[in-house]
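Numbering-wise (my numbering), the sequence shown opens with residue 745 and increments by one. For every residue, glycine included, the Cβ atom is placed at its ideal position computed from N, Cα and C. Below is one structure, written out as structure tokens, with a few remarks after it.
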Amino acid sequence: MEQAILQVARAIEQAERILVITGAGVSADSGLPTYRGLGGLYNGHTAEGLPIEAALSGPMLQRDPALCWKYLAELSKACLAARPNAGHSAIAELQRRKPGCWVLTQNIDGYHRAAGSPAQRLIEIHGELAPLFCQSCGAEDDELIEHLQRPLPPRCARCAGVLRPSVVLFEERLPEAALGKLYDELRKGFDVVLAVGTTASFPYIVEPVMQARKTGGFTVEVNPSSTDLSRWVDVRLEGKALDVLPALLSHIPEH
Ligand code: APR
């Protein structure tokens, strides 16, 4: 592993543009559940016998907002009860040392921002848990924590409409702005792409890795398990983001 880490550190040091793609695995080290794999949120069904993807879907938020919010509240409470870990901090530090380093995250926990990743080089492709906004009048509401102590679904103080976070629920489209930013940056190309803690379940997560391969870039996966990406990357760093990322940073000069 040490040899592989040194190889990745050298590639990063020589790189101008770097993309770090993260998934639930980077927050697993903060104690948050992942979605798939061992103990994953999606492996089970809800108390109502529904797959979690149905409960956390756009149509469910319209049809039965209280049921959808029951699971949105669970996710929110878990994220609010934990905090970023050394993996998030290492990524933020990498972005300080490499001004051409971007983060594309599928996580809605806000931990990259909290750990110091600059917002202008962070693409939160599945949105974020806060602030909430009213589906009827559009008013913004930054009382997520208070709403979680009240009956669900949370209601707008102005018009009593049902509030929601800007997260991408199942069967919903990705946010235009985030998608636009991602494709603007992909068009400029990346020298190194690291996929950290993700099963790469979506084409927009696989695509940056494949594009880097095609344009002679260097691709890395950081994950204790193998995934569909494993056979495509140049180097697999088999381990937890919490352990691998700080080790990687220790071999990258601060200048
Ligand atoms: N460090 C690194 N990787 C880890 C760790 C860890 N400590 N623990 C688990 N992993 C890996 C798992 O092996 C798995 O490959 O993290 C990955 C988590 O995969 P998923 O649970 O599928 O999460 P993710 O890839 O982020 O899912 C993508 O699916 O439903 C949507 O919106 C949801 O954003 C989510 C998206």
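The Cβ atoms of residue 767 and residue 829 lie no closer than 8 Å to each other. Residue 900 and residue 907 have their C-alpha atoms roughly 6 Å apart. At a cut-off of 7 Å, the beta-carbon of residue 870 counts as near the ligand APR: some heavy atom of the ligand is closer than that. Counting along the chain, residue 765 sits inside the beta strand (DSSP E) bounded by residues 762-766.
A direct Cα-Cα distance of roughly 18 Å separates residue 831 from residue 825.
Just measuring C-alpha positions, the residue of 979, 971 and 972 sitting nearest residue 963 is 979. Here the C-alpha atom of residue 749 lies approximately 40 Å from the C-alpha atom of residue 799. Linking residue 909 to residue 865 through their CA atoms gives a straight-line distance of about 22 Å.
A distance below 8 Å separates the beta carbons of residue 922 and residue 869.
Residue environment analysis places residue 881 among the exposed positions, since fewer than 16 neighbouring C-beta atoms fall within 10 angstroms of its C-beta. Approximately 17 Å separates the beta-carbon atoms of residue 986 and residue 753; this is outside 8 Å, ruling out the contact.
Taking residue 934 as the centre and dropping the five residues before and after it, the same chain places the C-beta of 761, 762, 763, 952, 956 and 961 closer than 7 Å to its C-beta, in chain order. Nearest in C-alpha terms to residue 816, of all of 847, 861 and 914, is 914. Residue 867 carries a strand assignment under DSSP once its states are collapsed to helix, strand and coil.
Excluding residues up to 5 positions away in sequence, nothing lies with its Cβ nearer than 6 Å to the Cβ of residue 794 in the same chain. In this structure, residue 851 has its beta carbon less than 7 Å from a heavy atom of the ligand APR.
Closest in alpha carbon position to residue 775, among 822, 927, 756 and 885, is 822. Straight-line spacing of the CA atoms in residue 968 and residue 827 works out to 21 Å. Membership of residue 903 in any beta strand (DSSP E) is not indicated, and neither H nor E is assigned to it by DSSP. A direct Cα-to-Cα measurement between residue 845 and residue 959 gives close to 17 Å.
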